[in-house]
Amino acid sequence: MDGIRQIFAGMPWWVKWVAVPLLAIFVFGGVITSILGALISFVFKALLFVALVGGLIFAVKKFSGSGSKSSSSDW
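Take the sequence shown: its letter number 12 is residue 89 in the numbering used here, and every next letter is one higher.
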């Protein structure tokens, strides 16, 4: 760790805070975007699943529960 600090100690501020992050994004940009894309896709699918299950439960309770009043202990 001290070797990296010594290397960066003699560098200007723009190398540490501009050039190195830009190089990291350039090199690892594809990996970062694929991970973020997969994470966003997973969250969207999970929310869609929850909404569909909620809609299904609502529809079943609305249409089948209107004829017979069942208690919640029947579950």
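By construction, the Cβ of each residue, glycine as well, lies at the ideal position given by its N, Cα and C atoms.
On a predicted model such as this, the values are computed, not experimentally measured, just so you know.
- Looking at the backbone, the Cα of G107 and that of V120 are separated by about 20 Å.
- For a cut-off of 8 Å, the C-beta gap from K93 to F85 is around 6 Å, short enough to register as a contact.
- The C-alpha of A128 is placed about 20 Å away from the C-alpha of G142.
- DSSP places K122 inside the alpha helix (DSSP H), whose first and last residues are V97 to S141.
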